[in-house]
Ligand code: GLU
């Protein structure tokens, strides 16, 4: 593919949905793979839906995710400005061109008049579009008014919109790289508004004009835009740009985990997982939503997960670095059917990425909590703790949650475990074990294990019976990292101290 230029074109109408991050990612992967250009265009022509802070949020989210922009908002480039609200005169020029070539017209109908037509069609059980080839000649527009009337209305600042004159009964055809051939009869399309009464273009006009002017080669976007694609084809044709029309790839929807319907923020909220990349407080409602970042997802794990929502490499391999994704990605391998969004799978990816990190890298997840608790701990010990925990954590914050036991002796003990497992035999064993430990010069895994076995033998108790009580005495609970590892990290003195405390405190 030559000269690949793709764009991510979000509207700043709120926080960026995780599906938007996937769209950005697929665009980015294709751009990087083909040595092309990734553009960020902000589609902010709908002033009613504009949300302050949303644009910044989008920029920050992409940055966090590691999706780099080559050209566009926040970056600049040869086709600036990249914010549509700053390109008004450009759209006005092309709207005018469409009027001059007979493909668009001024329409002056009021809300009431539009509503009256809607009612009339409904009463007649008509399949006609409310404003289209079958009805437009009954409406108030530059096709039905004289040139003088039109000019006067415009001169008198009467509100108007510009509408596309969609031809009657024509097959509009396009090839989508994912969906294949799409054919729509133009009679099913209405005369879409291209310019609104506030002088702003609608999404359709602005999108087509910008994709053309910014020399976009591939439009990769969510499936919800597929129904608009035939309209865009018409616009390319009427503007004389059909030869330069980009190729379309409409991405499958993100579905709920059970496959029943589209994934919504409500579903995510209900199930208690994030749907936005970063924390977000909606300025309109003050509603707060926790982000993937703040929930402890690593960006590389999240991207790996997102890459697989709708695409797969055709092999068993699941862990892909960004570099590997760039090499392996292909539009041809994107599925037509919706992709189930399974948060468990996202957690699994996170776990795999954490597990693969060297202990020294994992240390950074413990440091803030240690600093907060004013705990001084030698770096080698922190690394050891992280290594002991690495198989057991899904999120960075788990290192502290599960690692606390190394810094704080238990003050309470799992009561169920106490009543089930704590007894006179155990106490006898532990007292002997302490004695044997005292004799050991240096605690290290093997020595401890042998000491346990030796003590078990001499005290006549099966060694399986003392593992859980020993863990209980050291940590207060029933689960955690490897017991030998715990003893090794706690060290002789602390281990003995904790056992003594448990023996003195717990009822037999
Ligand atoms: N502004 C549209 C959106 O936010 C972009 C659709 C497109 O990529 O054409 O979904």
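Numbering (our numbering), first residue to last: 66 to 573. We put the CB at the ideal spot given by N, CA and C, even for glycine.
Handout entry: Length of the line joining the Cα atoms of residue 128 and residue 257
Key = In the chain shown, the residue the question calls residue 128 occupies position 63. In the chain shown, the residue the question calls residue 257 occupies position 192. Linking residue 128 to residue 257 through their CA atoms gives a straight-line distance of about 36 Å.
Problem - Residue interval of the alpha helix (DSSP H) (run including residue 240) - result: Within the chain shown, numbered from 1, the residue matching residue 240 stands at position 175. According to the DSSP assignment, residue 240 belongs to no alpha helix (DSSP H) but to the beta strand (DSSP E) extending over 236-241.
Problem - residue 361 versus residue 418: straight-line alpha-carbon distance, rounded - result: Counted from its first residue, the chain shown places residue 361 at position 296. Counted from its first residue, the chain shown places residue 418 at position 353. Counting only the Cα atoms, residue 418 lies some 12 Å from residue 361.
Handout entry: beta strand (DSSP E) runs wholly inside the stretch 73-117, at least 3 long, in chain order
Key = Correct list: 102-105.
Exercise for the section: State the Cα-Cα distance for the pair residue 232 and residue 208, rounded to the nearest angstrom. Expected result: Indexing the chain shown from 1 puts residue 232 at position 167. Indexing the chain shown from 1 puts residue 208 at position 143. If I take the Cα positions, the gap works out to 14 Å.
Problem - Close Cβ partners of residue 77 (< 7 Å) along its chain, the five nearest in sequence each way excluded - result: As a working note, residue 77 is residue 12 in the chain shown. Hits under 7 Å: 107, 109, 115, 116, 119, 120, 123.
Practice task
Tell me whether residue 219 is buried or exposed, calling it buried when 16 or more other Cβ atoms sit within 10 Å of its Cβ.
Solution key: Here the question's residue 219 lines up with position 154 in the chain shown. Label assigned to residue 219: exposed.
Exercise for the section: Indicate, with yes or no, if the ligand GLU has a heavy atom lying under 7 Å from the CB of residue 129. Expected result: Position 64 of the chain shown, counted from the first residue, corresponds to residue 129. Distance from the C-beta of residue 129 to the nearest heavy atom of the ligand GLU is not below 7 Å.
Handout entry: Contact check, residue 410 vs residue 357, beta carbons under 8 Å
Key = Stepping through the chain shown from its first residue, residue 410 is reached at position 345. Stepping through the chain shown from its first residue, residue 357 is reached at position 292. Contact: no.
Handout entry: Neighbourhood of residue 359 by C-beta, 6 Å cutoff - its chain only, sequence neighbours within 5 removed
Key = Position 294 of the chain shown, counted from the first residue, corresponds to residue 359. Cβ within range, chain order: 344.
Problem - Validate contact between the stretch 146-156 and the stretch 180-195 using beta carbons, cut 8 Å, 3 pairs - result: No, the stretch 146-156 does not touch the stretch 180-195.
Handout entry: Nearest to residue 86 (by Cα), restricted to the options 485, 476, 368, 174
Key = Taking the chain shown and counting its residues from 1, one reaches residue 86 at position 21. Comparing Cα positions, the closest option is 368.
Practice task
Please confirm whether any heavy atom of the ligand GLU lies closer than 7 Å to the CB of residue 421.
Solution key: Walking along the chain shown from the start, residue 421 turns up at place 356. Checking the Cβ of residue 421 against the ligand GLU gives no.
Problem - CA-to-CA distance, residue 342 to residue 96, given in whole angstroms - result: Position 31 of the chain shown, counting from 1, holds the residue named residue 96. Position 277 of the chain shown, counting from 1, holds the residue named residue 342. One alpha carbon belongs to residue 96, the other to residue 342, and they sit about 22 Å apart.
Exercise for the section: Can you have a look at residue 575 and say buried or exposed, based on whether 16 or more other CB atoms are within 10 angstroms of its CB? Expected result: This structure gives no information on residue 575, because the portion of the chain shown stretches from 66 to 573.
Handout entry: Buried versus exposed, by CB contacts within 10 Å (16 or more), residue 67
Key = Position 2 of the chain shown holds residue 67. It is exposed - the Cβ of residue 67 has fewer than 16 other Cβ atoms within 10 Å.
Exercise for the section: Could you pull out every residue in the same chain whose Cβ sits closer than 7 Å to the Cβ of residue 446, ignoring the five residues on either side in sequence? Expected result: In the chain shown, counting from the first residue as 1, residue 446 sits at position 381. Residues of the same chain with a CB within less than 7 Å of the CB of residue 446, apart from the 5 flanking positions on each side, are 554 in chain order.
Practice task
Following the continuous alpha helix (DSSP H) through residue 269, name the residue where it begins and the one where it ends.
Solution key: The residue labelled residue 269 in the question sits at position 204 within the chain shown. Run containing residue 269: 268-278, per the alpha helix (DSSP H) assignment.
Handout entry: Where residue 206 falls: helix, strand or coil (DSSP)
Key = To locate residue 206, count along the chain shown from 1; it is residue 141. Residue 206 carries a strand assignment under DSSP once its states are collapsed to helix, strand and coil.
Practice task
Can you have a look at residue 281 and say buried or exposed, based on whether 16 or more other CB atoms are within 10 angstroms of its CB?
Solution key: If you number the chain shown from 1, residue 281 lands on position 216. Residue 281 is buried by the Cβ-count criterion.
Problem - Under 8 Å between C-beta atoms of residue 169 and residue 229 - result: Here residue 169 is taken as the residue at index 104 of the chain shown, counted from 1. Here residue 229 is taken as the residue at index 164 of the chain shown, counted from 1. Yes, these two residues count as a Cβ contact at 8 Å.
Handout entry: Counted within 10 angstroms of its Cβ, other Cβ atoms place residue 323 as buried (16 or more) or exposed
Key = Residue mapping note: residue 323 aligns to position 258 of the chain shown, counting from 1. Looking at its Cβ environment, which holds fewer than 16 other Cβ atoms inside 10 Å, residue 323 is exposed.
Practice task
Go to residue 483, then tell me how far its alpha helix (DSSP H) extends in each direction, as first and last residue.
Solution key: Counted from its first residue, the chain shown places residue 483 at position 418. Residues 480-486.
Handout entry: Supposed contact pair residue 320 and residue 379 - C-beta distance, whole angstroms, cut 8 Å
Key = Taking the first residue of the chain shown as 1, we reach residue 379 at position 314. Taking the first residue of the chain shown as 1, we reach residue 320 at position 255. For residue 379 against residue 320, the beta-carbon gap comes to about 21 Å, at or over 8 Å, which does not count as contact.
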